[in-house]
Amino acid sequence: MSISADALKPSGNKRTQTKDLPDVGNPAADKIFSGISLAAGILILVVLAAVAIFLVAQALPVFTADSEDLTSGSFLKYILPLTIGTLIASTIALLLATPIGIGVALFISHYAPARLSKGIGYVIDLLAAIPSVIFGAWGASVLAPKIVPFYDWLATYLGFLPIFEGPASQTGKTILTAGIVLGIMILPIITSMCREIFIQTPKLQEEAALGLGATRWEMIRMTVFPFARGGIISAVMLALGRALGETMAVTLVLASGPLTASLITSGNQTFASEIALNFPEAYGLRMSELIAAGLVLFVITLIVNVIARLIVSRYKEFSGAN
Amino acid sequence: MSKRIDVENLNVYYGDFLAVEDVNMAIEPRSVTAFIGPSGCGKSTFLRTLNRMHEVISGARVEGKVLLDGDDLYGKGVDPVVVRSQIGMVFQRPNPFPTMSIRENVLAGVKLNNRKISKTDADELVENSLRGANLWNEVKGRLDKPGSGLSGGQQQRLCIARSIAVKPDVILMDEPCSALDPISTLAVEDLINELKEEYTVVIVTHNMQQAARVSDKTAFFNIAGTGKPGKLIEYAPTQEIFNNPSEKSTEDYVSGRFG
Numbered sequence: 002m003s004i005s006a007d008a009l010k011p012s013g014n015k016r017t018q019t020k021d022l023p024d025v026g027n028p029a030a031d032k033i034f035s036g037i038s039l040a041a042g043i044l045i046l047v048v049l050a051a052v053a054i055f056l057v058a059q060a061l062p063v064f065t066a067d068s069e070d071l072t073s074g075s076f077l078k079y080i081l082p083l084t085i086g087t088l089i090a091s092t093i094a095l096l097l098a099t100p101i102g103i104g105v106a107l108f109i110s111h112y113a114p115a116r117l118s119k120g121i122g123y124v125i126d127l128l129a130a131i132p133s134v135i136f137g138a139w140g141a142s143v144l145a146p147k148i149v150p151f152y153d154w155l156a157t158y159l160g161f162l163p164i165f166e167g168p169a170s171q172t173g174k175t176i177l178t179a180g181i182v183l184g185i186m187i188l189p190i191i192t193s194m195c196r197e198i199f200i201q202t203p204k205l206q207e208e209a210a211l212g213l214g215a216t217r218w219e220m221i222r223m224t225v226f227p228f229a230r231g232g233i234i235s236a237v238m239l240a241l242g243r244a245l246g247e248t249m250a251v252t253l254v255l256a257s258g259p260l261t262a263s264l265i266t267s268g269n270q271t272f273a274s275e276i277a278l279n280f281p282e283a284y285g286l287r288m289s290e291l292i293a294a295g296l297v298l299f300v301i302t303l304i305v306n307v308i309a310r311l312i313v314s315r316y317k318e319f320s321g322a323n
Numbered sequence: 016m017s018k019r020i021d022v023e024n025l026n027v028y029y030g031d032f033l034a035v036e037d038v039n040m041a042i043e044p045r046s047v048t049a050f051i052g053p054s055g056c057g058k059s060t061f062l063r064t065l066n067r068m069h070e071v072i073s074g075a076r077v078e079g080k081v082l083l084d085g086d087d088l089y090g091k092g093v094d095p096v097v098v099r100s101q102i103g104m105v106f107q108r109p110n111p112f113p114t115m116s117i118r119e120n121v122l123a124g125v126k127l128n129n130r131k132i133s134k135t136d137a138d139e140l141v142e143n144s145l146r147g148a149n150l151w152n153e154v155k156g157r158l159d160k161p162g163s164g165l166s167g168g169q170q171q172r173l174c175i176a177r178s179i180a181v182k183p184d185v186i187l188m189d190e191p192c193s194a195l196d197p198i199s200t201l202a203v204e205d206l207i208n209e210l211k212e213e214y215t216v217v218i219v220t221h222n223m224q225q226a227a228r229v230s231d232k233t234a235f236f237n238i239a240g241t242g243k244p245g246k247l248i249e250y251a252p253t254q255e256i257f258n259n260p261s262e263k264s265t266e267d268y269v270s271g272r273f274g
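Quick mapping for you: the protein sequence lines, in order, are chains A and B.
Numbering-wise (the numbering used here), the first sequence opens with residue 2 and increments by one.
Numbering-wise (the numbering used here), the second sequence opens with residue 16 and increments by one.
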């Protein structure tokens, strides 16, 4: 043992060693490593601060500008429809992707035979690797035209609801289509994160439930879901973060326009898409306006994350970590 | 309620691997039966076949019969979920549901299958079950606190309370004290002695003194070598197993010459 330890020791190490104490390693290496770790940690904060400062500094002219020079007469009027549009698209995506994602994750972790579940897992991960522009192109050229009859049906039979008020878009390029495409895009995030957490449910707890006479579904409700609650929330919030900021797919799929209540007509717009569409030709105050919109998106994302943290920490006492 | 168990020509397989071979055993109601034997001899596997818990592992299957008061647990159309609600199980390490309070833990099994229970009935059941597990006095003031906040020994007794709350016919215990300190072990052993007034208790243990202390009958399992199936070597009253075993290997094991 001692011979091999000596052989492994770097030759530059001139530290004297007492006989009874084992060699604790190279103190210089320890220092370097802890320095690197600290620097990496600080770097993250610096980057975050730099982004925030950049956004605020660049957006500042908007708040001091003459209201007549702004696109919609006032910044609030400009930002409000974008906020609502972004939230609508993300909500649709989450409503679609969360139950499907959790269901698929459960199937992989607790229902499918081992060999099949691995295959499905790979396919889901592959879905996450598809670039968003591909999803956008598919949504715009395949999904949108195909979904028009469904929108017509909604307008005819559920048209009394403001959200399905006709006449339906004949191109299919609506906020609902954008939401569906976003839902497919965030599905792999939710699925793979949930699967990871579901399979970590302690066997002992699962057996406790089964031993009491629980069916498989009852066992999942008693042990897997409570164990995974924090993780599911994190997965959904992470997916929401992606949905809020997703640019390319929405830009390609959505025929944007002013805010409308109906989900099946063209109209509405999201932050990311608005910025991407207008950025190339923007300068001066218009540029500041777009960056200010980016700042608002940044703040919304931050709030979403804080809320997620609060929800997760509320269940700490009962989380199983103790 | 307490029922007898008769095991007839039972073989347990994991896939093609024969884990336990040809067990025949009659377990009397209102008694404590201990399974002893070296690690890997199949005693835990066999215990888990008594309430079909081994089926949790994919590929596990059995041949032969396990009769609970004459009804074959492996008969056609028998639902393992029903079997497990009649034959409760306590595991090696305490496993209360961490997200549930002490009260909810006790009621967890009762509320399965959407059974409804009134609050007064529930209160009574919680108290009786916790009293039955010698835990009531220690936790009565904090029934709404998480079960995972109790000590290891208390958690294990909570798990026992949870098992008896569903009023099983048999309670299986898979090394229930192996994660507990001596004081907690004593508390659980005392409890086992009381449980046999009402239930059939089967316990797997690595601790031979424990088997000698708590059980009426003892079954010694052994294995011929790695990859060979485990077998029931001897099954007799505990006194006989420890003082006058009829098999040489049983004597070697209980006297500490191997295992």
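For glycine and all other residues, C-beta sits at the position ideal for the given N, C-alpha and C.
These numbers were taken from a predicted model, which means no experiment stands behind them.
8 Å Cβ shell around B:Asn259 - same chain, five flanking residues per side excluded: Here the question's residue 259 of chain B lines up with position 244 in the second sequence. Answer for B:Asn259: no residue qualifies.
Three-way DSSP call (helix, strand, coil) for B:Tyr250 in this model: On the second sequence, position 235 is the one that residue 250 of chain B refers to. Reduced to three states, the DSSP call for B:Tyr250 is strand.
Separation of A:Gly167 from A:Ser263, as counted between CA atoms: On the first sequence, residue 263 of chain A is found 262 positions in, with the first residue counted as 1. On the first sequence, residue 167 of chain A is found 166 positions in, with the first residue counted as 1. One Cα belongs to A:Ser263, the other to A:Gly167, and the distance between them is close to 8 Å.
Bounding residues of the alpha helix (DSSP H) (the contiguous stretch that carries B:Asp37): Numbered from its first residue, the second sequence carries residue 37 of chain B at position 22. Where B:Asp37 is concerned, there is no enclosing alpha helix (DSSP H), although the beta strand (DSSP E) it sits in stretches over Phe32 to Ile42.
Buried/exposed call for A:Leu99, threshold 16 Cβ in 10 Å: Locating residue 99 of chain A in the first sequence gives position 98, counting from the first residue. The question names Leu, but residue 99 of chain A in the sequence shown is Thr. Burial check for A:Thr99: the Cβ neighbour count within 10 Å reaches 16 or more, so the residue is buried.
Under 7 Å by beta carbon: chain A residues contacting B:Gly124: Taking the second sequence and counting its residues from 1, one reaches residue 124 of chain B at position 109. Near B:Gly124 (Cβ distances below 7 Å), the residues of chain A are Leu213 and Gly214.
Outcome for B:Pro111 when other beta-carbon atoms lying within 10 angstroms are tallied against a minimum of 16: Counting from one through the second sequence, the residue named residue 111 of chain B turns up at place 96. It counts as buried.
Per-residue contacts from A:Pro227 into chain B (C-beta, under 9 Å): As a first step, residue 227 of chain A must be located in the first sequence, where it is residue number 226. Correct list: Phe112, Pro113, Thr114 and Met115.
Buried versus exposed, by CB contacts within 10 Å (16 or more), A:Ala8: Walking along the first sequence from the start, residue 8 of chain A turns up at place 7. Low confidence applies to A:Ala8: its pLDDT is 45, below 50, so where it sits in the model is not reliable, and the reading given next is rough at best. That one is exposed.
Reduced DSSP category for B:Arg76 - H, G, I as helix; E, B as strand; rest coil: As a working note, residue 76 of chain B is residue 61 in the second sequence. Reduced to three states, the DSSP call for B:Arg76 is strand.
A:Ser91 vs A:Leu245 beta-carbon contact at 8 Å: The residue labelled residue 91 of chain A in the question sits at position 90 within the first sequence. The residue labelled residue 245 of chain A in the question sits at position 244 within the first sequence. For the pair A:Ser91 and A:Leu245, the CB atoms are nearer than the 8 Å cut-off.
Contacting residues, own chain, Cβ-Cβ under 7 Å from A:Ser68 (five flanking each side not counted): Position 67 of the first sequence, counted from the first residue, corresponds to residue 68 of chain A. Hits under 7 Å: Gly74 and Ser75.
Within 8 Å, strictly: CB atoms of B:Lys211 and B:Ser46: On the second sequence, position 196 is the one that residue 211 of chain B refers to. On the second sequence, position 31 is the one that residue 46 of chain B refers to. Against a cut-off of 8 Å, the Cβ pair of B:Ser46 and B:Lys211 comes out as a contact.
As assigned by DSSP and simplified to three states, the class of B:Phe106: Within the second sequence, numbered from 1, the residue matching residue 106 of chain B stands at position 91. The three-state secondary structure of B:Phe106, taken from DSSP, is coil.
Minimum length 3: unbroken beta strand (DSSP E) runs contained in the segment 160 to 208 of chain B: Segments of the beta strand (DSSP E) lying fully in the segment 160 to 208 of chain B: 185 to 189.
Chain B contact for A:Ala206 (CB, 8 Å cutoff): Locating residue 206 of chain A in the first sequence gives position 205, where the first residue counts as 1. It should be noted that the sequence gives Gln, not Ala, for residue 206 of chain A. By the rule that beta-carbons nearer than 8 Å mark a contact, A:Gln206 touches chain B.
Test item: CB-CB of B:Ile175 and B:Leu82 under 8 Å: Counted from its first residue, the second sequence places residue 175 of chain B at position 160. Counted from its first residue, the second sequence places residue 82 of chain B at position 67. For B:Ile175 and B:Leu82, no; Cβs fall outside 8 Å.
Beta carbon proximity, A:Ala209 to chain B, threshold 8 Å: For the purposes of this step, residue 209 of chain A is taken as the residue at position 208 of the first sequence. So yes, A:Ala209 belongs to the interface.
Closest residue to B:Pro197 among B:Gln169, B:Gly74 and B:Arg157 (Cα-Cα distance): As a position in the second sequence, residue 197 of chain B is number 182, starting the count at 1. The residue with the shortest Cα to Cα distance from B:Pro197 is B:Gln169.
Host alpha helix (DSSP H) of B:Val22 (start-end): Reading the second sequence from its first residue, position 7 is the one you call residue 22 of chain B. Segment Ile20 to Tyr29 is the beta strand (DSSP E) holding B:Val22; no alpha helix (DSSP H) there.
Exposure of A:Ile198, with buried meaning 16 or more beta-carbon neighbours within 10 Å: Reading the first sequence from its first residue, position 197 is the one you call residue 198 of chain A. Per the 10 Å Cβ criterion, buried.
Span separating the alpha-carbon of B:Thr220 from that of A:Ser314: Position 205 of the second sequence, counted from the first residue, corresponds to residue 220 of chain B. Position 313 of the first sequence, counted from the first residue, corresponds to residue 314 of chain A. For B:Thr220 and A:Ser314, the distance between alpha carbons rounds to 40 Å.
Cα-Cα separation between A:Ser12 and B:Gly167, rounded to whole angstroms: Within the first sequence, residue 12 of chain A is the residue found at index 11, counting from 1. Within the second sequence, residue 167 of chain B is the residue found at index 152, counting from 1. With a pLDDT of 47 at A:Ser12, under the threshold of 50, the modelled position of this residue cannot be trusted, and the question is left open.
Check whether A:Ala277 and A:Ser267 have beta carbons under 8 Å apart: As a working note, residue 277 of chain A is residue 276 in the first sequence. As a working note, residue 267 of chain A is residue 266 in the first sequence. Between A:Ala277 and A:Ser267, the gap from beta carbon to beta carbon reaches 8 Å or more.
Separation of B:Asp86 from B:Glu70, as counted between CA atoms: On the second sequence, residue 70 of chain B is found 55 positions in, with the first residue counted as 1. On the second sequence, residue 86 of chain B is found 71 positions in, with the first residue counted as 1. Rounded to the nearest angstrom, the gap between the Cα atoms of B:Glu70 and B:Asp86 is 19 Å.
Assumed close pair A:Ile148, A:Gly173 - CB separation to whole angstroms, cut-off 8 Å: By 1-based counting over the first sequence, the position of residue 148 of chain A is 147. By 1-based counting over the first sequence, the position of residue 173 of chain A is 172. Contact flag correct, Cβ pair sits at about 5 Å.
Cα-Cα separation between A:Ala330 and A:Ile187, rounded to whole angstroms: With chain A represented from 2 up to 323, any question about residue 330 of chain A goes unanswered, as that position is not in the structure.
Segment contact flag, the segment 181 to 198 of chain B with the segment 96 to 108 of chain B, C-beta cutoff 8 Å, min 3 pairs: Contact between the segment 181 to 198 of chain B and the segment 96 to 108 of chain B is present, because at least three Cβ pairs lie under 8 Å.
Cβ of A:Thr202 within 8 Å of any chain B Cβ: Taking the first residue of the first sequence as 1, we reach residue 202 of chain A at position 201. At least 8 Å separates the CB of A:Thr202 from every CB of chain B.
Integer Cβ distance of A:Gly137 from A:Gln270, believed to fall under 8 Å: In the first sequence, counting from the first residue as 1, residue 137 of chain A sits at position 136. In the first sequence, counting from the first residue as 1, residue 270 of chain A sits at position 269. Contact flag wrong, Cβ pair sits at about 15 Å.
Residue-chain proximity (B:Gly103, chain A), Cβ-Cβ < 8 Å: Position 88 of the second sequence, counted from the start, is the residue given in the question as residue 103 of chain B. Between B:Gly103 and chain A, the shortest Cβ-Cβ separation is below 8 Å.
Burial state of B:Arg67 (16 or more Cβ within 10 Å): Here residue 67 of chain B corresponds to residue number 52 of the second sequence, with the count starting at 1. In the assembly as shown, B:Arg67 is a buried residue. Its beta-carbon has 16 or more other beta-carbons within 10 Å.
Best match in A:Leu303, A:Arg310, A:Leu311 and A:Ser289 for proximity to A:Val57 [C-alpha to C-alpha]: Here residue 57 of chain A refers to the residue found at position 56 of the first sequence. A:Val57 has its Cα closest to that of A:Ser289, out of A:Leu303, A:Arg310, A:Leu311 and A:Ser289.
N- and C-terminal bounds of the beta strand (DSSP E) containing B:Asn237: Here residue 237 of chain B corresponds to residue number 222 of the second sequence, with the count starting at 1. Counting along the chain, the beta strand (DSSP E) containing B:Asn237 begins and ends at Lys232 to Ile238.
Selection of the segment 22 to 46 of chain B by Cβ proximity to chain A, strictly under 9 Å: Answer set for the segment 22 to 46 of chain B: empty.
Contact residues within the segment 229 to 261 of chain B, judged by C-beta distance below 9 Å to chain A: Correct list: empty, as no residue qualifies.
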